Every structure is written in C-alpha cells, then in structure tokens.
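One structure below.
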Amino acid sequence: MRIGYDAKRAFCNHRGLGNYSRETIRIVASHFPDAQLDLFTPKIDSSIHFDCPQNATIIQPKSTVFHSLWRTFGITREAEKRQLDLYHGLSHELPYGIEKTKIPTVVTMHDLVFVRHPELYPFIDRKLYETKYLRSCRVADRIIAVSQQTKKDLVDLWRIEDTKIEVVYQGCHPAFSRQVTENEKQSLREKYDLPLTYLLNVGAIEPRKNQLLILKALVAGQIDLPLVIAGRKTDYLGELQEFIAKNRLLNRVIFLPDIDSGDLPALYQSAYLFIYPSQYEGFGIPIVEALQSGVPVIAAKGSCLEESGGPDSRYVSPNSAVELAEQIMILDRNKELRDSMIEKGKSYAQQFSDEAIAAHLMQLYQSLTKH
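Heads up: take any position in the sequence shown, counting from 1, add 3, and you land on my numbering.
As structure tokens, this is what we get:
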C-alpha cells in the first residue's frame, strides 16, 4: 500500500500536532514495513529531530516560492502522479481537488476548541480554521477523531455524519514506558536544578492550559510541594509570575520552557504527581505520557481528559482551586492510593500502545482501499 501523509506538522511543529504526526508515521512505518509512505511537507525545520523511516520518502515542492500554497493546491497533482492508494491529512486539512481524484482520503480532527471557546482565538483565525477544516471534513471519505469528545463535537457543532467518524486514539512514544534509571533521574535534577520531589505540569504556558489554577491550589491548600511547569512561554507567563510574586511562591515554582524532548521521560518519572487542569482539549497526550511513566494524574473535568486518564485518575473542576488542593492533599497523604493509581493507570494506558493504534489505523485504511 502506498500512503500519502500531510507531514508538514511532523517536520515543522514542536508541539501536539507535530507529535501526533511523527508518532502516526513512526507507528505505521514500523508495524507495516511493506507499506510505502510519501511524506508531503512544504519545508523542514532543522531544529526538530525526526528520523524519517526507511520505507518513507519526503516530498517537497520544487520551488520555495509560495510553498504554503503548494500544501493547499499542489499536493493533489503530486499525489496522482505517485499513484497513492490513500491520502491521510494528519492535522485537519486535505489539499483542494483531491476529492475529484480516485484517491481515498482520511483527515484527522484533533479538536474544535476554536468553536467551543472562540474567545481564545482571533476572529480571522477562527474563520480561516472553519473554512478549511469544515471543507476537509465534508470531502473526506473518513474522519479520524482523536477522542470521543472530538467526535461528539463534530456531530453536535458541525452536523458531521456519525458513521463517517472513527475514533482512533493518539499514540505515545515508547520512551515514556521505559523505566528510567536512578542515575538518569539524578542527571536530570542536576541539569535543571530540580528538587527531589515535585508536582508536574507539561504543556504550553497559555490560558487554556490553566496553570494559574495549580498556583491558586498551592495557596488555598497551603501545599509545600514544589511545582515544575514545562512548556513553551506565552504572555500568560506574566500573569503567573505576578501571582507567584504576590503569594510568596518564588522559591516553589520552576519553569522549564526549553526542556529537551529527550529529557521528558525522566522528568515525568521523577514527578510525585502530574496535574493537568486544562479547560478544554481534543485529547490530552501529556496525561497518557504520565500514565505510561507511572505517575498519578489529577486532571480537569469537562472535555476529553477523562478519556485520556481513565477511571482511576482524579478529576476536578477547571475553575475550583479548592477542589484541586483537596485532591493533591488526599494523594499526598495516601501512598497506597497513589500506588494503586500508578498500577491501574499503566494498565489503562495499554489501549494507547503502538500495537493497538497500528491495528486500528490499518483496519481503517484497508476498509477504504479494498473496493
């Protein structure tokens, strides 16, 4: 089978959409070595470490002028020329005109946060997303939703046919389930000057990720545990720093905006608790990373995070610092409960394994190409 992938995010995005693209390509390439993968990308960011699989070919435009338009309008002709059996848009989009070819198409939809929470996005961005993403959903042969919540949003908000949508969860790199050695943990602490015990949050430092709630919980519960926040900085950092200064938390909160991705498994596995109070997500891969790393999870109610964390993680209102403080204190006092959450969390995370996702993806692909 010859599969084309929209690989722009794999080669140009450090965060969630990039991780999803890289993991999907890696999983399919490693579990189906006889498949030929064509990776379409308008450019390559040299700062992103991504090992192109042996059974994959990188396809780029011949000219660097208008390379972004090539992704939207030029890939279709190239896909026909390469006689693809299937094309998969990994991040919300399909190239224009591909619906007029004989190539079956799949598009992955990660979330409709910009519809659920329009206040978080500029008007022009919302209109652009809606125009491109809704069109892709309408012309695709099948839609992959990364969670039941995203599928529900597609049906409720955009009236997409339920039968057209398949939920296929996002993969998590095996590095997170590999047991990190004590020497590796010690090296991590020395490299970033980290305490022996800490609460952890991983994700972009932005309002939707809601890190301010964790700070408020530390104050509300008079919790002495240090907090490590690892993620890209935005203007929201100023709001957090102002709260930290006013509430005498200066020596208790550590920001790691530029942590090496290779250090993340050790960062997770050295953590005491993982806290993810995001107001809305399409999936929440950091929760799966934490579960596979053997860390108890406290997350927010109200979107898909219960899917990511499973029945044995703890959940709080994304607006209640008191609830969050109570859950932190409960887990801090109960080692038996923490140990139980770790064991059950690792078991729950098996549904996000490479094997499960590879089988689900290929089953979907073959259902479109066997006709």
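Backbone N, C-alpha and C define an ideal beta-carbon position, used for all residues, glycine too.
Here the structure is a predicted model, which means the values were calculated and not measured.
If the criterion is Cβ atoms closer than 8 Å, does the pair residue i and residue j meet it?
i, j, result
"residue 203", "residue 274", "yes"
"residue 348", "residue 316", "yes"
"residue 1", "residue 297", "Limits of the chain in this structure are 4 at one end and 374 at the other, which puts residue 1 out of reach."
"residue 109", "residue 143", "yes"
"residue 302", "residue 268", "no"
"residue 40", "residue 169", "no"
"residue 99", "residue 117", "no"
"residue 210", "residue 239", "yes"
"residue 145", "residue 93", "no"
"residue 278", "residue 175", "no"
"residue 115", "residue 153", "yes"
Which residue marks the beginning of the beta strand (DSSP E) containing residue i, and which one marks its end?
i, result
"residue 204", "202–205"
"residue 59", "59–62"
"residue 5", "5–9"
"residue 92", "89–92"
"residue 233", "230–233"
"residue 317", "317–319"
"residue 40", "39–43"
"residue 145", "145–148"
"residue 359", "Run containing residue 359: none in the beta strand (DSSP E); it sits in the alpha helix (DSSP H), 357–372."
"residue 153", "Unbroken run through residue 153 is the alpha helix (DSSP H), 151–161; no beta strand (DSSP E)."
"residue 275", "First-last for residue 275: undefined, no H or E at that position."
Around the Cβ of residue i, are there at least 16 other Cβ atoms within 10 angstroms (buried) or fewer (exposed)?
i, result
"residue 254", "exposed"
"residue 71", "exposed"
"residue 181", "exposed"
"residue 213", "buried"
"residue 179", "buried"
"residue 232", "buried"
"residue 29", "buried"
"residue 139", "buried"
"residue 336", "exposed"
"residue 361", "buried"
"residue 130", "exposed"
Return the Cβ separation of residue i and residue j in integer angstroms, given the expectation that the two are a contact with Cβ distance under 8 Å.
i, j, result
"residue 276", "residue 331", "7 Å"
"residue 228", "residue 200", "7 Å"
"residue 141", "residue 88", "That belief does not hold up - the Cβ atoms of residue 141 and residue 88 are roughly 22 Å apart, past 8 Å."
"residue 307", "residue 150", "4 Å"
"residue 26", "residue 173", "7 Å"
For the alpha helix (DSSP H) containing residue i, list its first residue and its last residue.
i, result
"residue 325", "324–336"
"residue 192", "185–195"
"residue 171", "Residue 171 -> no alpha helix (DSSP H), and no H or E assigned at all."
"residue 27", "19–34"
"residue 247", "239–249"
"residue 124", "Where residue 124 is concerned, there is no enclosing alpha helix (DSSP H), given that its DSSP letter is neither H nor E."
"residue 82", "78–84"
"residue 223", "214–223"
"residue 291", "288–296"
Near residue i, which residues of its chain fall below 8 Å by C-beta distance, leaving aside the five closest residues on each side in sequence?
i, result
"residue 18", "207 and 235"
"residue 358", "34"
"residue 85", "5, 7, 41 and 62"
Please return the same chain residues whose Cβ sits closer than 6 Å to the Cβ of residue i, not counting the five positions on each side in sequence.
i, result
"residue 219", "324"
"residue 42", "8, 10, 59 and 61"
"residue 78", "43 and 98"
"residue 188", "269 and 273"
Give me, in chain order, the residues of the same chain whose beta-carbon lies closer than 7 Å to that of residue i; leave out the 5 immediate sequence neighbours on both sides.
i, result
"residue 183", "268, 269 and 272"
"residue 48", "14 and 15"
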